[in-house]
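Per the UniProt record's numbering, the sequence shown starts with residue 1, numbered consecutively. C-beta atoms are modelled at their ideal positions from N, C-alpha and C, and glycine is treated no differently. Nothing here was measured: the structure is a model prediction, and the numbers come from that model. Read the structure below first, then the notes.
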Amino acid sequence: MATAAVSGWKRVLGANRAVWVTAAIAVVALIAGLLVGRFVVSPADASAASEAPDPGLVTVPVELGVLSNDLTLRGDVGFADSVEVTIDAASFGGAPVVTGAVPEVDASLEPLSVALAVAGRPVIVLPGELPAYRTLEFGMRGPDVVQFKEAMAAVGIGAGDPASDLFDATAANAVAALYERVGYAAPAGAEGAGEVLRAAQDAVRGAQQQLEAARADLARASGGPSAVDIRQADNAVSSAHRAVEAALAGKPLPPEDTAAALAQWNAGVGDARDQLALAQLQREQLGASVDTSAERAAVASAQQFVADAQGELNRAQEASLPQLPSGEVLYLTDLPRRVDAVNVARGQVLQGAALVVSGAALTISGGVAATDAELLTVGDRAQFDLPDGTVHEATITELAAAENPTERWSIVLEPDPLTSEQSMQLQGSNVRVMIAVGATAGEVLHVPIAALTAGSGGEARIEVVDGDPRDGERAETRLVVVETGLAAGGQVEVVPVDDEVDEGDLVVVGR
1 MATAAVSGWK RVLGANRAVW VTAAIAVVAL IAGLLVGRFV VSPADASAAS
51 EAPDPGLVTV PVELGVLSND LTLRGDVGFA DSVEVTIDAA SFGGAPVVTG
101 AVPEVDASLE PLSVALAVAG RPVIVLPGEL PAYRTLEFGM RGPDVVQFKE
151 AMAAVGIGAG DPASDLFDAT AANAVAALYE RVGYAAPAGA EGAGEVLRAA
201 QDAVRGAQQQ LEAARADLAR ASGGPSAVDI RQADNAVSSA HRAVEAALAG
251 KPLPPEDTAA ALAQWNAGVG DARDQLALAQ LQREQLGASV DTSAERAAVA
301 SAQQFVADAQ GELNRAQEAS LPQLPSGEVL YLTDLPRRVD AVNVARGQVL
351 QGAALVVSGA ALTISGGVAA TDAELLTVGD RAQFDLPDGT VHEATITELA
401 AAENPTERWS IVLEPDPLTS EQSMQLQGSN VRVMIAVGAT AGEVLHVPIA
451 ALTAGSGGEA RIEVVDGDPR DGERAETRLV VVETGLAAGG QVEVVPVDDE
501 VDEGDLVVVG R
């Protein structure tokens with residue numbers, strides 16, 4: 001069957017040979033013509049093709065939006081003002097063993113927090129800059145006293161006039177109130193002050209008993225007048241003595257010992273003594289006929305013993321007032337504070353830095369060139385990138401020049417409130433910060449700076465294309481005088497003066 005088919009094709013080709021040859025020649029001619037038309041160019045066509053086409057106008061559309069001149073920098077995220085906390089272990093007397101209240105890392109220390117318990121005593125956190133360097137006692141003066149009074153005022157405890165640097169009875173009583181607030185017993189006064197106080201109280205009672213006995217002896221020795229008269233006169237003398245003692249004891253203490261107060265006190269003492277002299281004179285007149293000089297001398301001596309004993313009692317009472325040990329208070333600035341590291345454990349002896357604390361809020365710190373820093377102020381707002389790609393707000397809180405004018409300024413920003421998860425993700429990272437140093441109040445028309453030209457009077461102009469920019473110089477255009485505003489990122493704000501310009505209009509930036 002295959003042989004028959006081949007024979008058939010041979011008969012067809014043989015019978016129509018002339019037709020097939022003609023068709024093949026036609027096909028070859030067609031292909032040759034196409035190739036010549038594609039690759040062979042006449043001189044006229046070649047000359048026309050070599051000429052440059054008419055140039056069109058280079059244009060861009062007018063845009064509408066907010067223009068912002070942003071300063072970009074990199075900042076490190078972390079907790080600021082990291083400091084090591086050391087405690088005066090010597091003030092605890094014995095071995096400074098940590099007995100409790102050990103904080104956890106990431107814990108927050110606030111005013112009246114107990115940072116540690118050492119030898120059963122608290123280390124109380126208070127606001128302040130000056131470290132506690134001595135135990136405060138009654139009668140001391142200094143800046144540390146002022147700081148203590150200011151700290152007490154900050155936590156709502158009255159400690160006297162903060163402007164006075166005297167640690168007086170009011171300040172000492174504030175110590176007792178402070179320890180009551182944190183749930184610990186207030187520190188006792190000076191060592192042995194309790195025994196001294198009890199002895200002074202006993203001495204006052206003994207002196208008063210001696211005075212009463214001396215007065216009784218004087219009454220018996222006087223004779224003459226009736227017992228009732230003598231008793232009344234003795235009572236008057238005793239009452240006058242007590243008035244003098246009370247007046248003497250009322251001497252104003254610092255800081256109330258002003259000139260006016262002392263003058264008033266002296267006048268009161270003088271009046272009391274005058275009354276005593278009068279009562280004594282009247283009593284002497286009753287016993288003028290009897291020699292009672294010895295008894296009167298005994299009474300005077302007993303009165304002096306009472307005054308001396310009362311003075312010792314006053315001093316003992318002052319010495320027994322609460323003191324503030326330097327090791328039981330920890331002054332920190334910018335509270336609350338975050339605990340970054342804990343270097344002690346319960347049962348260990350306190351030595352070296354017990355804790356490392358920092359600011360409780362995250363901050364972004366970085367550097368900025370001096371020329372850029374002059375455009376910034378504390379309180380300016382900024383933006384930075386969160387790990388998820390969103391933008392978050394922050395505020396400049398510190399801006400400090402470098403000691404060397406050629407070095408970069410330091411800048412610190414405080415982020416707006418963050419979630420705990422965001423804070424954990426940001427801690428220790430480096431972020432991009434954008435600060436707008438100039439921005440329009442809203443959306444404005446703006447064009448590339450290259451679109452501006454100057455008129456004969458120096459006015460700014462833009463050329464708006466109303467026709468087809470592909471027509472080049474033949475295209476229909478108009479010059480529009482504009483007022484320029486903020487320039488940022490190669491764009492400039494424009495406000496038409498005497499013509500209309502709309503968003504999307506084409507302006508010429510080149511030809």
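7 Å Cβ cutoff met for residue i and residue j
i	j	result
Pro126	His446	Residue identity check: residue 126 is Leu in the sequence provided, not Pro. Not a contact, by the Cβ cut-off of 7 Å.
Ala171	Ala159	yes
Leu166	Pro252	no
Asp385	Gly359	no
Val482	Val494	yes
Met434	Thr72	yes
Val437	Asn69	yes
Ala107	Val339	yes
Leu355	Val378	no
Ala279	Ala240	yes
Ile124	Val77	no
Ser423	Leu362	yes
Ile230	Ala219	yes
Ala451	Val497	no
Asp217	Glu295	yes
Glu473	Gly467	no
Pro448	Gly490	yes
Gln427	Pro387	no
DSSP three-state assignment for residue i, whether helix, strand or coil
i	result
Gln503	The sequence given here places Glu at residue 503; Gln does not occur at that position. Glu503: coil per DSSP, three-state reduction.
Ala48	Per-residue confidence for Ala48 stands at a pLDDT of 47, beneath the threshold of 50, marking its modelled position as unreliable; no derived number is given.
Gly485	strand
Glu459	coil
Val105	coil
Pro448	strand
Glu312	helix
Asn430	strand
Glu398	strand
Val492	strand
Ala475	coil
Phe167	coil
Val12	Unreliable positioning characterises Val12 in this predicted model, as indicated by a pLDDT of 44, which lies under 50. A coordinate reading is not provided.
Ala203	helix
Glu195	helix
Val509	strand
Ala185	coil
Val244	helix
Arg470	helix
Asp498	coil
Among the options, the one whose alpha carbon lies nearest that of residue i
i	options	result
Leu324	Val145, Ala236, Phe79	Val145
Val349	Ala80, Ser82, Ser91, Val97	Val97
Ala200	Ala309, Gln282, Asn266, Leu130	Ala309
Ala101	Val118, Ala90, Gly94, Asp88	Val118
Phe305	Ala185, Leu330, Ala236, Ala214	Ala214
Gly442	Glu212, Pro336, Val62, Leu486	Leu486
Glu318	Ser429, Gly250, Phe138	Phe138
Leu330	Thr59, Glu84, Ala294, Gly75	Glu84
Glu129	Arg121, Ala95, Arg74, Asp81	Asp81
Asn430	Leu418, Pro415, Ser365, Thr484	Ser365
Val492	Arg478, Arg474, Glu473, Ala439	Ala439
Thr390	Leu418, Glu312, Ala236	Leu418
Ala460	Arg273, Glu256, Val480	Val480
Arg121	Asp471, Gly327, Gly352	Gly327
According to DSSP, residues forming a beta bridge with residue i
i	result
Asp70	Ala436
Asp385	Val391
Trp409	Val368
Tyr331	Leu126
Glu84	Val356
Leu116	Val123
Ala341	Val356
Asp76	Ser365, Asn430
Val237	Answer is none; Val237 lacks a bridge partner.
Glu414	Thr395
Thr453	Arg461
Gly65	Val444
Val58	Gly510
Leu136	Leu324
Gly100	Ala117
Val480	Ile462
Residue i: CB within 6 Å of a non-hydrogen atom of the ligand ADP
i	result
Gly56	The model on display carries no ligand, and the ligand ADP is accordingly not part of it.
Exercise. Is the number of C-beta pairs between the region 133 to 147 and the region 111 to 125 that are closer than 8 Å three or more?
Worked result: no
Exercise. Per the contact definition of three or more C-beta pairs closer than 8 Å, is the region 234 to 247 in contact with the region 199 to 209?
Worked result: no
Exercise. Would you say the region 138 to 152 touches the region 366 to 373, given that touching needs at least three Cβ pairs under 8 Å?
Worked result: no
Exercise. Taking three-plus beta-carbon pairs below 8 Å as touching, is the region 55 to 66 in contact with the region 494 to 504?
Worked result: yes
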